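Asks:
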Amino acid sequence: MRRFTMTIDGRGVESAQHFDVIDPATEQVCGRAPECSPEQLDAAFAAASTALRGWSGLAPERRGKALAAAADALERQTAELAAVLTAEQGKPLAQARAEIGSAVRWLRHFAGFTPNREVVQDDDVAFAEVLRRPLGVVAAITPWNFPVSLAFWKIAPALAAGNTVVVKPSPYTPLTTLRIGELLRGVLPDGVLGVVSGGDALGARLTRHPAPRKISFTGSTATGRKVLSAAADDLKRVTLELGGNDPAIVLDDVDVAEIAPKLFRTAFANSGQVCVAVKRIYAPRRLYADLVDALAHEAVTARTGDGRDPETLLGPVNNRPQLDRVAALVSDALSRGAVAAAGGSRLARDGYFFAPTVLAGAEDGMPVVDEEQFGPALPVVAYDDVDTVVERANASHFGLAGSVWGEDVERAARIAGRLDCGTSWVNAHIALAPHIPFAGAKWSGVGTENGRWGYEEFTQLKVEYVAGGSPARRRRSEPTTAAGRH
Ligand code: NAD
Numbered sequence: 001m002r003r004f005t006m007t008i009d010g011r012g013v014e015s016a017q018h019f020d021v022i023d024p025a026t027e028q029v030c031g032r033a034p035e036c037s038p039e040q041l042d043a044a045f046a047a048a049s050t051a052l053r054g055w056s057g058l059a060p061e062r063r064g065k066a067l068a069a070a071a072d073a074l075e076r077q078t079a080e081l082a083a084v085l086t087a088e089q090g091k092p093l094a095q096a097r098a099e100i101g102s103a104v105r106w107l108r109h110f111a112g113f114t115p116n117r118e119v120v121q122d123d124d125v126a127f128a129e130v131l132r133r134p135l136g137v138v139a140a141i142t143p144w145n146f147p148v149s150l151a152f153w154k155i156a157p158a159l160a161a162g163n164t165v166v167v168k169p170s171p172y173t174p175l176t177t178l179r180i181g182e183l184l185r186g187v188l189p190d191g192v193l194g195v196v197s198g199g200d201a202l203g204a205r206l207t208r209h210p211a212p213r214k215i216s217f218t219g220s221t222a223t224g225r226k227v228l229s230a231a232a233d234d235l236k237r238v239t240l241e242l243g244g245n246d247p248a249i250v251l252d253d254v255d256v257a258e259i260a261p262k263l264f265r266t267a268f269a270n271s272g273q274v275c276v277a278v279k280r281i282y283a284p285r286r287l288y289a290d291l292v293d294a295l296a297h298e299a300v301t302a303r304t305g306d307g308r309d310p311e312t313l314l315g316p317v318n319n320r321p322q323l324d325r326v327a328a329l330v331s332d333a334l335s336r337g338a339v340a341a342a343g344g345s346r347l348a349r350d351g352y353f354f355a356p357t358v359l360a361g362a363e364d365g366m367p368v369v370d371e372e373q374f375g376p377a378l379p380v381v382a383y384d385d386v387d388t389v390v391e392r393a394n395a396s397h398f399g400l401a402g403s404v405w406g407e408d409v410e411r412a413a414r415i416a417g418r419l420d421c422g423t424s425w426v427n428a429h430i431a432l433a434p435h436i437p438f439a440g441a442k443w444s445g446v447g448t449e450n451g452r453w454g455y456e457e458f459t460q461l462k463v464e465y466v467a468g469g470s471p472a473r474r475r476r477s478e479p480t481t482a483a484g485r486h
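Sequence positions in the sequence shown follow UniProt numbering and run 1 to 486.
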């Protein structure tokens, strides 16, 4: 059985205890990960603290070069990393390769960043400049749906801004992140990126540890609350990217045949295990039956299976508790009168497979509509009035993203503008890029990732104020020299 090592101070570290990682397509153990001890966590943070001085003191261009080298190293190993990711996460290999590619893309994007300096006053009274300085050591905690790309939403901007990072992946999917730590030893200076693995208790220990000045967390809303309260004592900075229950509002002028495949792809991407997947569709009553039929057709023709099979479009649910949750939400909806237009139950085979499910007759108030299902089950809700449907879409604790679909793009954009969430899309969903900020409203998050905004969350704003104006201005306004007066 392949064992992976943690990366602490640039070296491979074993642990006395290990835990098994399960391949969700086979339910077999696919690797073993070290259980990080409290002393090892101390060592990882000590190394990150020691490395901080050298790393933060480098010119941003030098840090950028190191990040570009890290991107090259990961790109060279794409095939190997993707195979590990598919084994532990379940997603099809092509999507695993794309996820490694997104880590490479994020590293290259943020490699070009330099901290902003902005002069806000420059006169005889004062020279005042706003600078951005690194925060210090960052603790990054990631979930199991996109363990690699979500880690690099944190690692790339944090390192570019001059911080050092200790990352802890989910116990369901630690292996690819551990392997990345192994590959980047010697590419990044020792201690700049530490990788530790363990269960939820280790995550809690990271958040309470005195070393990190910032916790960057992606995961569930329930855990996000715990992270926020753990950070409060020490006033650590936090960014929380949490759950979502994104609505897609379909307008009455759409071409159903054209949008159904797009809606299907954005609801069932990664088997629905995407924070910003379409999680509930609101369809006008006139088009309702046609849309349900078209979505059901997509669902029954989507090949579900082992991600190593090149024909597979949808992999398994990542883990047993999540599979049970999806199954419970679907059977609850069916018991309340919803109808499975496609799917509705587990697949009769090994692995955590759930048949892609389209729920017709779904209503607000059903848990599968009101809560985040995070799996391959999509409720479709009928509506009669577009104004009230916006209110219904907004009547959620979540506010990650939402989309409106319509031929009349101006009208669709006006309606999308009324959605109460961090991102609204028109005729698209899950359109994410390193230069576009991503933030959750309400229970979907605190703070922002990506773009200049996300980068700045890894910095401390500092004002430098010189009374009497800048040295250069003072030199200019001094009386001319003795020689000049002659
Ligand atoms: P989770 O909250 O159970 O776990 C996330 C991480 O937190 C894991 O590494 C876990 O070990 C760690 N953790 C658990 N308890 C902790 C604690 N008390 N203190 C610190 N860390 C702790 O989430 P999950 O089940 O792995 O992921 C699924 C959730 O993540 C979904 O709700 C999904 O919407 C959300 N998510 C959000 C985004 C986003 O960007 N908004 C992206 C992906 C996933």
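Note that beta-carbon positions come from the ideal geometry of N, C-alpha and C, so glycine has one too. This one's a predicted model, so the numbers in the text were calculated from it and none came from an experiment.
1. Short of 8 Å in beta carbon distance, which residues of its chain neighbour A82, apart from the five on each side in sequence? Order them along the chain.
2. Rounded to whole angstroms, what's the CA-CA distance from S396 to D370? Just pull it up for me.
3. Just checking my contact of N245 with R280 at CB under 8 Å: how many whole Å lie between their CB atoms?
4. Can you give me the C-alpha to C-alpha distance between L419 and N394, rounded to a whole angstrom?
5. Measuring CB to CB, does P157 end up less than 8 Å from T177?
6. Around the Cβ of G203, are there at least 16 other Cβ atoms within 10 angstroms (buried) or fewer (exposed)?
7. Between the C-alpha atoms of G447 and V330, what's the straight-line distance to the nearest angstrom?
8. Report yes if the C-beta of V227 is less than 7 Å from at least one heavy atom of the ligand NAD; otherwise report no.
9. If I'm right that A160 touches A111 with Cβ under 8 Å, what's the distance once you round it to whole angstroms?
10. Going by DSSP, what residue range makes up the beta strand (DSSP E) through H397?
11. Note down the Cα distance separating L263 from D332, rounded to an integer number of angstroms.
12. Pull up the DSSP beta-bridge partners for I8, would you.
13. Identify the continuous alpha helix (DSSP H) that holds S56 and give its terminal residues.
14. Using 10 angstroms around the beta-carbon of A483, count the other beta-carbons present and answer buried if the total reaches 16, otherwise exposed.
15. In angstroms, rounded to a whole number, what distance separates the CA positions of R303 and A260?
16. P24 and N270 - do their beta-carbons sit closer together than 8 Å?
17. Provide the residue(s) that pair with R185 in DSSP beta bridges, ordered along the chain.
18. Look at M6 and C30 and say whether their C-beta atoms are less than 8 Å apart.
19. Sorted by chain position, which residues of the same chain lie with C-beta nearer than 7 Å to A441's C-beta, five sequence neighbours on each side aside?
20. Would you kindly work out how many angstroms separate the C-alpha atoms of A79 and L85, rounded to a whole number?
21. Can you tell me which of S15, T207 and L295 puts its alpha carbon nearest to the alpha carbon of D233?
22. Under 7 Å from any heavy atom of the ligand NAD, does the C-beta of E241 make it?
23. Please determine if the region 401-411 and the region 426-440 are in contact, where contact requires at least 3 C-beta pairs separated by less than 8 Å.
24. Can you find the residues in the same chain that come closer than 8 Å, C-beta to C-beta, to V187, ignoring five residues on each side of it along the sequence?
25. Which residue comes first and which comes last in the alpha helix (DSSP H) that contains Q89?
26. Starting from S102, trace the beta strand (DSSP E) in both directions and tell me its first and last residue.
27. Could you check what DSSP says for H486 in three-state terms: helix, strand or coil?
28. Candidates R179, I180 and V137: which alpha carbon is nearest V166's?
29. Go ahead and pull the three-state DSSP assignment for F19.
30. Rounded to the nearest angstrom, what separates H486 and G468 at their Cα positions?
31. According to DSSP, is S403 part of a helix, a strand, or is it coil?
32. Near L175, what residues of its chain come up, given a Cβ to Cβ distance below 6 Å and the 5 sequence neighbours on each side ignored?
33. Could you work out which residue in P134, F19, A412 and V125 is closest to I249 when comparing CA atoms only?
34. Which one of V390, A140, P210 and S470 has the shortest CA to CA distance from P284?
35. With a CB to CB cut of under 7 Å and the five nearest residues on each side skipped, what residues in its chain are close to G406?
36. List the endpoints of the continuous alpha helix (DSSP H) containing P471.
Replies: Looking at the coordinates:
1. Within the same chain, A82 has close Cβ partners L93, A96, R97, E99 and I100.
2. Approximately 7 Å between the Cα atoms of the pair.
3. Yes, N245 and R280 are in contact; Cβ-Cβ is about 7 Å, under 8 Å.
4. So the two alpha carbons sit approximately 6 Å from each other.
5. T177 is positioned such that its CB atom lies no closer than 8 Å to that of P157.
6. So G203 ends up on the buried side.
7. Cα to Cα, G447 sits roughly 32 Å from V330.
8. Within the cutoff, so yes.
9. At roughly 6 Å, the Cβ-Cβ gap stays under 8 Å, so A160 and A111 are in contact.
10. Segment: none, H397 is in no beta strand (DSSP E) and carries neither H nor E.
11. Looking at the two C-alpha atoms, the distance is approximately 24 Å.
12. Per DSSP, the beta bridge partners of I8 are R11.
13. For S56, the uninterrupted alpha helix (DSSP H) segment begins and ends at P38 to G57.
14. Residue confidence for A483 is low, a pLDDT of 42 falling below 50, so the modelled location carries little weight and cannot support an answer.
15. Approximately 17 Å, taken between the alpha carbons.
16. By the CB criterion at 8 Å, N270 and P24 fall outside the cutoff.
17. As a beta-bridge residue in DSSP terms, R185 pairs with L188.
18. Going by C-beta atoms, M6 is not nearer than 8 Å to C30.
19. Setting aside the 5 residues that flank it on each side, A441 is surrounded in the same chain by G399, D420, C421 and G422, each with a C-beta closer than 7 Å to its C-beta; the list follows chain order.
20. The alpha-carbon separation between A79 and L85 amounts to approximately 10 Å.
21. Distances from the alpha-carbon of D233 to those of S15, T207 and L295 put T207 closest.
22. Under cutoff, so the answer is yes.
23. Taking a cut-off of 8 Å on C-beta distances, the region 401-411 touches the region 426-440, as three or more cross pairs fall below it.
24. Cβ-Cβ distances below 8 Å link V187 to A66, A69, A70 and A73 in the same chain, with the five nearest sequence neighbours on each side left out; the list follows chain order.
25. For Q89, the enclosing alpha helix (DSSP H) starts and ends at T78 to Q89.
26. Boundaries for S102: no beta strand (DSSP E) harbours it, while the alpha helix (DSSP H) harbouring it runs L93 to A111, taken from the DSSP string.
27. Low confidence applies here, because H486 scores a pLDDT of 33, under 50, leaving its location unreliable; read the following figure in that light. Secondary structure of H486 (DSSP, three-state): coil.
28. Among R179, I180 and V137, the Cα nearest to that of V166 is on V137.
29. F19 sits in a strand when the DSSP states are folded into three classes.
30. Reliability of the predicted coordinates at H486 is poor, the pLDDT of 33 falling under 50, and the value obtained from them is presented with this limitation in mind. Using only the alpha carbons, I get a separation of about 28 Å.
31. Secondary structure of S403 (DSSP, three-state): strand.
32. Setting aside the 5 residues that flank it on each side, L175 is surrounded in the same chain by F4, V21, G31, V84 and E88, each with a C-beta closer than 6 Å to its C-beta; the list follows chain order.
33. That would be A412, whose Cα lies nearest to the Cα of I249.
34. For P284, the closest C-alpha among the options V390, A140, P210 and S470 is that of V390.
35. If you ignore the 5 residues before and after G406, its C-beta comes within less than 7 Å of the C-beta of L251, D253, V254 and A412, all in its own chain and listed in chain order.
36. P471 to S477 is the extent of the alpha helix (DSSP H) around P471.
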